[in-house]
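One structure is given here, and the rest of the page talks about it.
In our numbering, the protein residues as written are 1077 to 1395.
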């Protein structure tokens, strides 16, 4: 695969970025993805500052290739996390869930490449105005926190491609070489993959969570908690409890009380499949086994390469 905007921006071999997912994206996953030729991301959303420092140092020990840190700006302690990122001289940061104007200029002053995650054109424009180096356009299919507009990746990518020439990374429902080809055909320069890496052997998620995801069927995930911050969840006891509260007209404050703290850790990291919050994307229904990062890359790249050849020769595309 020849170089493009994304591979040039990060200095990586393939335009494949691993999602910085809470409770899944520790140093082991990030370094494995970077070693495979993509861009590994440490998910700072589930870490305090010193835990993050430890993961950064372990990643440096285990890969000589570029890697980055994903920072959700709505999380507590974000300023301390940023201090650690700058002190440890991390060169790539993905920001999400917040105003890109807040920290982008500071990162840029320290020579950090900044990518911001958006779910609509309005915030894509704001991110460009803030001076980011690239944009992740995340469609409705994605796991974790999501856009209120519920715009699918298929629609979102060409929509944002119209308004910016920045390197554009597609996220949401990207699983395979075929979905990577589709996203790039719509104008993306690369892809960010979350769900498939969330259940990789190197993911820090609990074995119960990985097995749960592998067993999911159509309709087993839904976008939820729209009164708070929309998030795609697996249906379980926690999900039912939150839906029941919303249907009864619970206020934001009441929902926050029910949500409490540590529910995502309880589910994805500690392995409680009933009372824990379980975040995953729609692509989870396509995952039928736990694989290593190397196996995932081999599968995606083989299919992508095969499709490139097929498109140039198959009569199905000749009209």
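For each residue, glycine too, the CB sits at the ideal point set by N, CA and C.
query, result
"Neighbourhood of residue 1359 by C-beta, 6 Å cutoff - its chain only, sequence neighbours within 5 removed", "1249, 1251 and 1271"
"Which of helix, strand or coil DSSP assigns to residue 1148", "strand"
"Run of the beta strand (DSSP E) containing residue 1088, from where it starts to where it stops", "Here residue 1088 belongs to no beta strand (DSSP E), and DSSP marks it neither H nor E."
"C-alpha gap between residue 1099 and residue 1349, whole angstroms", "14 Å"
"Distance, residue 1304 Cα to residue 1079 Cα", "40 Å"
"Reference residue 1129; option with closest CA among 1151, 1140, 1114 and 1145", "1145"
"Closest by C-alpha distance to residue 1185, when choosing among 1197, 1208 and 1174", "1208"
"Buried versus exposed call for residue 1032 [16 or more other C-beta atoms within 10 Å across all chains shown]", "The first residue shown for the chain is 1077 and the last is 1395, placing residue 1032 beyond what the model contains."
"First and last residue of the uninterrupted alpha helix (DSSP H) at residue 1383", "1369 to 1389"
"Length at least 3, wholly inside the region 1091 to 1143: the beta strand (DSSP E) runs in chain order", "1092 to 1094 and 1116 to 1119"
"Member of 1340, 1368 and 1357 whose CA lies at the smallest distance from the CA of residue 1278", "1368"
"Cα-Cα separation, residue 1357 to residue 1276", "14 Å"
"Closest Cα partner of residue 1239 within the set 1260, 1253, 1255 and 1197", "1197"
"Contact under 8 Å by Cβ, residue 1102 with residue 1118", "yes"
"Selected residue, minimal CA-CA separation from residue 1338, among 1326, 1325, 1330 and 1353", "1353"
"Counterpart residues of residue 1300 in DSSP-defined beta bridges", "1307"
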